[in-house]
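S.K.: Below is a structure I'd like to ask you about.
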Amino acid sequence: MLILTFLLFFFSLHEEISDFYEYMSPRPEEEKMRMEVVNRIESVIKELWPSADVQIFGSFKTGLYLPTSDIDLVVFGKWENLPLWTLEEALRKHKVADEDSVKVLDKATVPIIKLTDSFTEVKVDISFNVQNGVRAADLIKDFTKVREFIVFIQ
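Per mature numbering (1 follows the signal peptide of the UniProt record, and there is no 0), the sequence shown runs over residues -18 to -1, 1 to 136.
Here it is as C-alpha cells:
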C-alpha cells in the first residue's frame, strides 16, 4: 500500500510539473515578438558594423525563457576598445530603446548595454565578444529531457 501511495504521489507530481511547464512555455507569438526585437537591434548593429556577428544566448536561445525573461545578445567583432557607447548612441538614435532605459555598464566584469525595447517593453542585455554564454546555451539545449524541471525550478 505504501508503495502504491508513493507511486501515485510521484505520478501526480510529474503531472503537475508537466502542466506547469505547458502553462509557462512560450507561445509562438511570444517567440515571434522576441525575434522582432532581436532583428531591430541586429539591424542597428549591422548598419554600424556590417561584418559583426550577433548571436542570441541565455534562456531565449535555449527556449527556457519565461514571459518576464530578458533577451541576452552577444556581438562578435574586431574592436580594440569595446564600442559600448557607439552602440548605445545608435540604439537611442533609431529609437529601438526607451530613452531612459538604455544603460551602459562599462565597469562591470562583463561590460554590457542594458535596455528596454520601446515597442514591446522586453528587456535586453548586449555584450561583446563573450563566447562562454553561447557555448553554455548550446550545451543546455542538448538536455531537452530536463526542460520541464528547469522551467519548474526557475
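Even for Gly, the Cβ is constructed at its ideal location relative to N, Cα and C.
#1: Would you tell me roughly how many angstroms separate the C-alpha atoms of residue 56 and residue 110, rounded to the nearest one?
#2: What do you reckon, is the C-beta of residue 17 under 6 Å from a heavy atom of the ligand ADP?
#3: Which residue marks the beginning of the alpha helix (DSSP H) containing residue 68, and which one marks its end?
#4: Buried or exposed, going by whether 16 or more other CB atoms sit within 10 Å of the CB of residue 92?
#5: The alpha helix (DSSP H) that contains residue 20, what's its start and end?
#6: For the alpha helix (DSSP H) that residue 41 lies in, which residues bound it at each end?
#7: By a C-beta neighbour count over all protein chains shown, 10 Å radius and 16 as the cutoff for buried, is residue 97 buried or exposed?
#8: DSSP state of residue 1, grouped into three classes?
#9: From the DSSP output, in three-state form, read off residue -7 for me.
#10: With burial defined as no fewer than 16 other Cβ atoms inside 10 Å of the residue's Cβ, what is the status of residue 69: buried or exposed?
#11: Counting C-beta neighbours from all protein chains within 10 Å, is the total for residue 44 16 or more, i.e. buried, or is it exposed?
#12: Check each candidate in 16, 76 and 67 and name the one with the smallest Cα separation from residue 26.
#13: Following the continuous beta strand (DSSP E) through residue 85, name the residue where it begins and the one where it ends.
#14: In angstroms, rounded to a whole number, what distance separates the CA positions of residue 90 and residue 12?
M.R.: Per the coordinate set shown:
#1: 5 Å
#2: You won't find the ligand ADP in this model; it holds no ligand whatsoever.
#3: 66 to 75
#4: exposed
#5: 10 to 30
#6: 41 to 44
#7: buried
#8: helix
#9: helix
#10: buried
#11: buried
#12: 76
#13: 85 to 87
#14: 30 Å
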